[in-house]
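Single-structure report; data block below.
Number of protein chains: 2
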Amino acid sequence: MIIKKNSDVSEEFLNKEGMNNVIKKILIGPEEGSENIILRHFRVLPGGNSPYHTHKHEHVVNVEKGKGKIVDGKGQETLISEGQSLFIKGNEKHQFKNPFQNPFEFLCIILNPDKNG
Amino acid sequence: MIIKKNSDVSEEFLNKEGMNNVIKKILIGPEEGSENIILRHFRVLPGGNSPYHTHKHEHVVNVEKGKGKIVDGKGQETLISEGQSLFIKGNEKHQFKNPFQNPFEFLCIILNPDKNG
């Protein structure tokens, strides 16, 4: 059993490949012995965004703090905030954006793409 | 893409099979189109606990609110609280307990046992 403090996990500041002012932490993944489920924490700073992109793996999301926008495959934007959950299918185009004044934080769970294509 | 409010999800009050004062919600699962990853929310009321049990599927946990105790395979108890993450291996004995005064809430992610044995 692995027990961690999220605050001890090192941050990766992402400002490349369509990522803009996004801070990523891998809370649980292969390093903790989890070969299948990967639990990541994202903090999108005000004005930040993820790329508007698509990939094979699906996303399960829980909004932890603040609010932001999710863009779907048709380009439609929906406001999402703390206490909401999302399911984004594999190969569905999507983007997270934070046009607001406070950080937008969410957990994003994926299946390990190295093991699940 | 599915977008939900967690507060809209119906609760299941568990007081059976070793569960004592535990409230469960399935936030994302097969009903939302997620065939592999299942995101559940648990609220363990003061004095409540899950069974001290073992099963094949692994758990990825993020503590959302309050504090509680996790019992590991050796019977050792560790205090866990908001802002901590856990990985519990498959077949590792474990139990969640709340001996405190306030609800203890966590997200628990599993792979769909129907699809992943």
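Going down the list, the protein sequences come from chains V and U.
Going by the numbering used here, 22 is the number at position 22 of the first sequence; the sequence numbering is gapless.
Going by the numbering used here, 1051 is the number at position 51 of the second sequence; the sequence numbering is gapless.
Cβ atoms here follow ideal geometry from the backbone N, Cα and C, with glycine treated the same way.
Cβ-based burial, residue i [other Cβ within 10 Å; buried from 16]
i                 : result
Phe1087 (chain U) : buried
Asn1102 (chain U) : exposed
Glu58 (chain V)   : buried
Phe106 (chain V)  : buried
Leu1111 (chain U) : buried
Asn98 (chain V)   : buried
Gly47 (chain V)   : exposed
Phe104 (chain V)  : buried
Inter-residue spacing [alpha-carbon to alpha-carbon] between residue i and residue j
i                 : j                 : result
Ile1026 (chain U) : Gly18 (chain V)   : 33 Å
Asn49 (chain V)   : Val9 (chain V)    : 22 Å
Ile1003 (chain U) : Arg1043 (chain U) : 22 Å
Gly83 (chain V)   : Val61 (chain V)   : 10 Å
Leu1074 (chain U) : Gln1095 (chain U) : Rather than Leu, the amino acid found at residue 1074 (chain U) in this sequence is Lys. The straight-line gap from Cα to Cα measures roughly 11 Å.
Lys1005 (chain U) : Lys65 (chain V)   : 14 Å
Tyr52 (chain V)   : Ile1028 (chain U) : 23 Å
Glu1032 (chain U) : Lys1115 (chain U) : 16 Å
Coil, strand or helix - residue i by DSSP
i                 : result
Pro51 (chain V)   : coil
Lys133 (chain V)  : The first residue shown for chain V is 1 and the last is 117, placing residue 133 (chain V) beyond what the model contains.
Lys1115 (chain U) : helix
Glu121 (chain V)  : The structure shown has nothing for residue 121 (chain V), since chain V only spans 1 to 117.
Glu17 (chain V)   : coil
Glu92 (chain V)   : coil
Lys1056 (chain U) : coil
Phe100 (chain V)  : coil
Candidates the options: closest to residue i by CA position
i                 : options                             : result
Lys1093 (chain U) : U:Gly1033, U:Thr1054, U:Ile1038     : U:Thr1054
Ser1085 (chain U) : V:Lys69, V:Phe100, V:Asn49, V:Leu39 : V:Leu39
Beta-bridge pairing of residue i - partner residues as DSSP gives them
i                 : result
Gln1084 (chain U) : V:Lys5
Asn62 (chain V)   : V:Ser85, V:Leu107
Gly988 (chain U)  : The first residue shown for chain U is 1001 and the last is 1117, placing residue 988 (chain U) beyond what the model contains.
Leu1039 (chain U) : U:Ile1028, U:Ile1109
Glu12 (chain V)   : V:Lys24
beta-carbon residue i near the ligand COA non-hydrogen atom, thresh 8 Å
i                 : result
Leu1014 (chain U) : The ligand COA is not part of this structure, which contains no ligands at all.
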